[in-house]
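Only one structure is covered here, and it is reproduced in the block below.
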Amino acid sequence: MKVLIIHNRYKEKGGEETTVANEYELLKANKVDVEVVYFDNNGSQVSQLLKFLSYPFNLRSYFRIRKIIAQAKPDVVHIHNFFFACSPLAFWALKHKHIPFVITIQNFRLICPSYTLFNKGSLYLKSIKKKFSFEPVLDKVYRNSMLLTFWLYVSNFFHYKIGTWGLTSQFIFVSKFSKNIFEQSALDKYRAKFSFKPNFMEAPLPTVKGQEDYFIFIGRLTEEKGIDVLIESCNSYNFKLIIIGDGDMKGEILKLSNQNDNVTYLGFRDKTDIINYLSKAKALIFPSIWFEGMPLTIIESFSVATPVIASNLGAMSEMIQDHVNGFHFVANDAIDLISKIKLIQQLDTEEYNALRDTTKLNFNNTYTAELNYRFLTDIYQKAIEQNDKKNA
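Its first residue numbered 1485, the sequence shown is counted upward by one per residue in this note's numbering.
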């Protein structure tokens, strides 16, 4: 089987880039002939604007993909992100070359210009309808601009109407929650092509032994990641917290760490350091106030047997099982977050070790590379067989 992966890189590296790299290495490790093609949104401001404006009909991308297909001759193509430089015309290039392709859905761009279903500090659910809604345009959900939001809305609505999204052989959802959201949207007409495959990671070799009494937050320091409720909980209850990450709210975190001796801010750290701190922590705190895709940070925590305290939203609602691999708390509720921190602290050694054991067992049963390879190749095979029948 020859697999071609297509991914439009973001300006800032995030979870999707890691997912692409993980799946590439997974296929390669299993002797699959695999190649990756990248598109980029970077460049001068003029270049970025032109890529955004040409998003719905980027002929340069169309012909580039046709050329790549002619050279690579893949059996199946796997698209991750295609916003903006790659363009939906990639779908038509593959269609015209009779190549089956699958797309991984890591966010909500196809049904909402916001892409996160989060706007102005709270969840934004007006886009979850059986028909495309114009309300996101009026609410300026993309960069607080009616004009930019309108262009995204028109672009996606146009491709919806001409059947571009339906050219996809399989939609791969990384969480059952996001799959359910799409089943409530205009794209429900393609439900028969919906598949679920969680993210995964290789279990790291243990770098340390023994637990310490701190909790840990790892991630972007931005509003939607629940930084406000994290700060409020630190100001209301004394517990040791290590914070790793960077972002717009770095100033607030620096102020917190300067005023609170229990809070240590480490800034950006490499993966080895992250795994080291994560494996020694009592629990990972994941206070996000938007739905997320399927956070790799949570999977990393499971892989080193560290339980997770997470808001009961979106993907976190299905990933976390109370008393099995962590605890839920009510999103944006510092009092409830503190109660779950106390619950972890009050476990005796036997109870806490049992929680760690079931956390690692949950990882082994759900998020390993071996399981994911089987899920992924089954989806590829299904796409190839569907295409063969269509072209017979």
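The beta carbon of each residue, even a glycine, is placed where N, CA and C say it ideally should be.
- Checking the DSSP bridge columns, you'll see residue 1520 partnered with 1489.
- Annotation: the continuous alpha helix (DSSP H) that includes residue 1553 extends over 1543-1556.
- Excluding its 5 nearest sequence neighbours in each direction, residue 1564 has C-beta neighbours in its own chain below 8 Å: 1489, 1490, 1491, 1492, 1500, 1503, 1504, 1587, 1588 and 1590, listed in chain order.
- The beta-carbon separation of residue 1695 and residue 1766, rounded to 7 Å, stays under the 8 Å limit for a contact.
- Between residue 1704 and residue 1735, the C-beta gap is not smaller than 7 Å, which leaves the two residues out of contact.
- In the DSSP assignment, residue 1792 falls within the beta strand (DSSP E) that extends over 1792-1795.
- Taking a cut-off of 8 Å for Cβ pairs, the region 1838-1846 and the region 1615-1627 do not touch, as fewer than three such pairs fall below it.
- DSSP places residue 1798 in the uninterrupted alpha helix (DSSP H) bounded by 1798-1803.
- Boundaries of the alpha helix (DSSP H) around residue 1865: 1853-1875.
- According to the DSSP secondary-structure assignment, residue 1767 is paired through a beta bridge with 1699.
- If you ignore the 5 residues before and after residue 1614, its C-beta comes within less than 8 Å of the C-beta of 1668, 1669, 1670 and 1672, all in its own chain and listed in chain order.
- With three or more CB-CB distances shorter than 8 Å, the region 1573-1586 counts as touching the region 1853-1870.
- Assigned with DSSP and collapsed to three states, residue 1836 falls in helix.
- A direct Cα-Cα distance of roughly 10 Å separates residue 1569 from residue 1546.
- Contact annotation, residue 1776 with residue 1798: C-beta distance approximately 5 Å; criterion of less than 8 Å satisfied.
- By the Cβ neighbour-count rule, residue 1824 is buried, with 16 or more other Cβ atoms within 10 Å of its own.
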